[in-house]
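In the numbering used here, the protein residues as written are 61 to 142.
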(Lines of atoms letter the chains of each structure in order from A and count residues from 1; the text may use other names and numbers.)
(Lines give C-alpha, C1' and ligand atoms only; values in the text may rest on other atoms or scores of the structure.)
Protein backbone atom coordinates (compact mmCIF):
# COMPACT_ATOMS: atom_id res chain seq x y z
CA UNK A 1 0.00 0.00 0.00
CA UNK A 2 1.54 3.28 -1.12
CA UNK A 3 -1.13 5.70 0.09
CA UNK A 4 -3.75 5.80 2.82
CA UNK A 5 -6.67 8.10 3.58
CA UNK A 6 -5.78 9.73 6.87
CA UNK A 7 -9.26 11.21 7.17
CA UNK A 8 -7.99 14.80 7.08
CA UNK A 9 -9.90 16.98 4.63
CA UNK A 10 -9.66 20.66 3.72
CA UNK A 11 -12.89 21.62 1.99
CA UNK A 12 -14.75 24.80 1.14
CA UNK A 13 -17.73 24.84 3.53
CA UNK A 14 -20.33 25.68 0.88
CA UNK A 15 -19.04 22.90 -1.41
CA UNK A 16 -18.98 20.46 1.51
CA UNK A 17 -22.58 21.10 2.54
CA UNK A 18 -23.71 20.82 -1.07
CA UNK A 19 -21.87 17.50 -1.46
CA UNK A 20 -23.24 16.17 1.83
CA UNK A 21 -26.76 16.63 0.50
CA UNK A 22 -25.83 14.08 -2.21
CA UNK A 23 -24.25 11.47 0.07
CA UNK A 24 -26.46 8.41 0.36
CA UNK A 25 -26.50 5.25 2.43
CA UNK A 26 -27.13 2.72 -0.34
CA UNK A 27 -24.62 0.19 0.95
CA UNK A 28 -24.73 -3.03 2.95
CA UNK A 29 -24.19 -1.16 6.23
CA UNK A 30 -26.70 1.58 5.36
CA UNK A 31 -24.10 4.08 6.54
CA UNK A 32 -23.15 7.50 5.23
CA UNK A 33 -19.49 7.81 4.23
CA UNK A 34 -17.75 11.19 4.20
CA UNK A 35 -15.31 9.73 1.66
CA UNK A 36 -18.17 9.75 -0.88
CA UNK A 37 -17.71 13.51 -1.24
CA UNK A 38 -14.55 12.84 -3.29
CA UNK A 39 -16.58 11.06 -5.97
CA UNK A 40 -19.28 13.70 -5.79
CA UNK A 41 -16.72 16.47 -6.30
CA UNK A 42 -15.29 14.53 -9.24
CA UNK A 43 -18.72 14.16 -10.84
CA UNK A 44 -19.33 17.89 -10.34
CA UNK A 45 -15.97 18.75 -11.92
CA UNK A 46 -14.62 20.28 -8.73
CA UNK A 47 -10.84 20.17 -8.18
CA UNK A 48 -9.50 17.34 -6.03
CA UNK A 49 -5.94 16.93 -4.85
CA UNK A 50 -4.04 14.85 -2.33
CA UNK A 51 -1.18 15.71 -0.03
CA UNK A 52 1.47 13.16 0.85
CA UNK A 53 2.84 13.59 4.34
CA UNK A 54 6.56 13.23 5.02
CA UNK A 55 6.10 10.08 7.11
CA UNK A 56 3.37 7.62 8.06
CA UNK A 57 4.11 8.28 11.72
CA UNK A 58 2.70 11.81 11.44
CA UNK A 59 -0.68 10.56 10.21
CA UNK A 60 -0.90 7.28 12.09
CA UNK A 61 -4.32 6.64 13.64
CA UNK A 62 -4.93 5.69 17.25
CA UNK A 63 -7.74 3.18 17.64
CA UNK A 64 -6.39 0.66 20.14
CA UNK A 65 -4.20 0.69 23.26
CA UNK A 66 -1.40 -0.75 21.11
CA UNK A 67 -1.77 2.17 18.65
CA UNK A 68 -1.61 4.62 21.55
CA UNK A 69 1.57 3.00 22.82
CA UNK A 70 3.10 3.14 19.33
CA UNK A 71 2.25 6.85 19.08
CA UNK A 72 3.75 7.51 22.51
CA UNK A 73 6.92 5.65 21.48
CA UNK A 74 7.16 7.69 18.26
CA UNK A 75 6.68 10.97 20.13
CA UNK A 76 9.25 10.13 22.79
CA UNK A 77 11.82 8.93 20.24
CA UNK A 78 11.92 12.33 18.53
CA UNK A 79 12.04 10.70 15.08
CA UNK A 80 9.26 12.71 13.44
CA UNK A 81 10.25 14.70 10.37
CA UNK A 82 10.41 18.44 10.90
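Every residue, glycine too, gets a C-beta built ideally from N, C-alpha and C.
Would you mind working out which of the options sits nearest residue i, comparing C-alpha positions?
| i | options | result |
| --- | --- | --- |
| residue 98 | 127, 139, 136 and 72 | 72 |
| residue 79 | 103, 128 and 68 | 103 |
Please list, in chain order, all residues of the same chain as residue i whose beta carbon is under 6 Å from its beta carbon, the five residues on each side excluded.
| i | result |
| --- | --- |
| residue 119 | 66 and 113 |
On the premise that residue j lies in contact with residue i, defined as a C-beta separation below 8 Å, what is that separation, rounded to the nearest angstrom?
| i | j | result |
| --- | --- | --- |
| residue 122 | residue 128 | 5 Å |
| residue 82 | residue 108 | Not confirmed; about 15 Å, so no contact. |
CB-CB under 7 Å to residue i, same chain, minus the five flanking residues each way: which ones, in chain order?
| i | result |
| --- | --- |
| residue 106 | 75 |
Report all residues from its chain with a CB closer than 8 Å to the CB of residue i; omit the five preceding and five following residues, and keep chain order.
| i | result |
| --- | --- |
| residue 140 | 115, 117, 118 and 134 |
| residue 91 | 85 |
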